[in-house]
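In UniProt numbering, the protein residues as written are 1 to 335.
Input: a single structure, listed below in structure tokens.
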């Protein structure tokens with residue numbers, strides 16, 4: 001994971017120009033979150049201990065805890081409750097990854113064998129449940145309001161996964177997709193930001209703005225990833241283009257291209273996962289020439305504009321400047 005210089009903040013967030021004092025404060029907070037994660041994910045049963053720490057030790061972006069810490073900087077900063085809340089949201093995220101890998105039949109996660117591949121599906125599912133339990137225990141120490149919030153968030157995560165699994169049916173595929181990413185991605189990031197406000201002394205209005213910002217920017221990141229997977233060469237994005245095509249995932253640019261009528265051949269290629277490299281390249285070419293990418297970028301712009309509007313309701317400070325930088329970067333990385 002590439003990070004900004006002398007910082008634990010991932011470079012992909014575009015925060016190189018953020019206030020150095022803010023970066024240092026948040027970096028210290030992330031180190032505390034990391035320690036808390038390793039403390040709480042523990043079992044006297046050695047096998048459970050190993051399985052539960054499998055993804056914790058693998059690292060990752062820690063995007064959600066970072067959001068909690070940034071949201072807290074509008075007020076009292078990284079209080080002990082903020083650190084606990086940040087660890088809880090990351091545990092929920094990690095739990096969903098164990099479950100996602102089972103559903104997707106994945107074999108790799110963060111450069112290592114996924115839990116289901118290393119052990120089996122039952123172990124992966126139960127380990128995810130174990131992490132959900134630890135997250136709930138952490139949040140229980142934060143009070144009834146925090147407990148209700150995480151319960152609502154878990155409901156949204158599960159509903160989003162079910163919505164994706166069942167498919168759009170008779171619903172509009174684009175609206176269906178935006179609902180899925182709002183629930184599967186936006187909801188937990190919204191909670192991360194909400195907790196940062198709640199446990200740093202923010203006003204009710206500030207907490208609502210932070211929550212809405214998290215929801216919007218979480219969905220925006222997913223849309224930007226959708227665009228990058230099609231539009232960006234591997235040497236620019238650092239990712240192999242066409243991953244979604246190979247997995248048979250219909251992302252927003254694809255749905256827009258199909259909604260426009262699209263090329264008959266494109267409809268054929270997007271009917272399922274593409275295993276042939278030449279066909280992946282063919283599909284990428286057709287998508288890049290379609291109007292789907294431009295329409296997806298326009299949707300991304302609308303999410304960013306709404307995110308900026310939420311930030312405008314928050315006090316001017318280094319944390320707001322950082323979140324504005326992040327929002328700008330989410331859009332710029334797709335151009």
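Ideal Cβ positions, reconstructed from N, Cα and C, are used throughout, including at glycine.
- One Cα belongs to residue 228, the other to residue 45, and the distance between them is close to 42 Å.
- For the 8 Å CB-CB criterion, residue 139 and residue 88 form a contact.
- The alpha-carbon of residue 112 is positioned some 12 Å away from that of residue 101.
- By the Cβ criterion, the segment 77-95 is not in contact with the segment 207-227, since fewer than three pairs of Cβ atoms, one from each stretch, lie closer than 8 Å.
- With respect to residue 285, residue 256 sits apart: the two C-beta atoms are not nearer than 8 Å.
- Contact between the segment 25-43 and the segment 64-75 is present, with at least three C-beta pairs closer than 8 Å.
- Taking C-beta atoms as the reference points, residue 314 and residue 324 fail to come closer than 8 Å.
- Less than 8 Å separates the beta-carbon of residue 322 from that of residue 19.
- Listed in chain order, the non-local C-beta contacts of residue 230 below 7 Å within the same chain comprise 241, 253, 284, 287, 288, 293, local neighbours out to five positions each way being set aside.
- For the pair of segments examined, the segment 119-128 was found not to touch the segment 148-156: the number of CB pairs separated by less than 8 Å stays below three.
- Here residue 250 has 270 as same chain residues with Cβ atoms under 7 Å from its own Cβ, once five neighbours each way along the sequence are excluded.
- Within the same chain, Cβ atoms closer than 7 Å to the Cβ of residue 93 are found at 64, 188, the five residues on either side in sequence being excluded.
- In this model, residue 185 and residue 219 are separated by some 6 Å (Cα to Cα).
- Counting only runs of 4+ residues, the alpha helix (DSSP H) found wholly inside the segment 42-86 occupies 46-57, 63-72, in chain order.
- In the three-state DSSP reduction, residue 333 falls in the coil class, being neither helix nor strand.
- Membership of residue 221 in the alpha helix (DSSP H) is indicated by the continuous run 204-231.
- Within the same chain, and ignoring the five residues on either side of residue 319 in sequence, the residues whose Cβ sits closer than 6 Å to its Cβ are 70, 73, 74.
- In terms of CA proximity to residue 327, 217 leads the group 335, 246, 217, 194.
- Unbroken alpha helix (DSSP H) stretches of 4 residues or longer found wholly inside the segment 242-305: 243-247, 252-259, 264-269, 277-289, given in chain order.
- With 16 or more other Cβ atoms inside 10 Å of its own Cβ, residue 290 counts as buried.
- The C-alpha of residue 144 is placed about 34 Å away from the C-alpha of residue 330.
- Only buried fits residue 90, as 16 or more other CB atoms lie within 10 angstroms of its CB.
- Secondary structure of residue 313 (DSSP, three-state): coil.
- When DSSP states are grouped into helix, strand and coil, residue 135 belongs to the helix group.
- A Cβ-Cβ contact shorter than 8 Å links residue 115 with residue 124.
- Of all alpha-carbon atoms in 142, 282, 174, the one lying nearest the alpha-carbon of residue 246 is that of 282.
- Shown here, residue 157 sits in a helix according to DSSP, grouped into three states.
- In the three-state reduction of the DSSP assignment, residue 173 falls in the helix class, which pools H, G and I.
- The shortest CA-to-CA distance from residue 300 to any of 43, 225, 268 is the one to 225.
- Just so you know, the alpha carbons of residue 213 and residue 195 end up roughly 13 Å apart.
- Straight through space, the alpha carbons of residue 296 and residue 223 are spaced by roughly 7 Å.
- By the Cβ-count criterion, residue 199 is buried, with 16 or more other Cβ atoms from all chains shown falling within 10 Å of its own Cβ.
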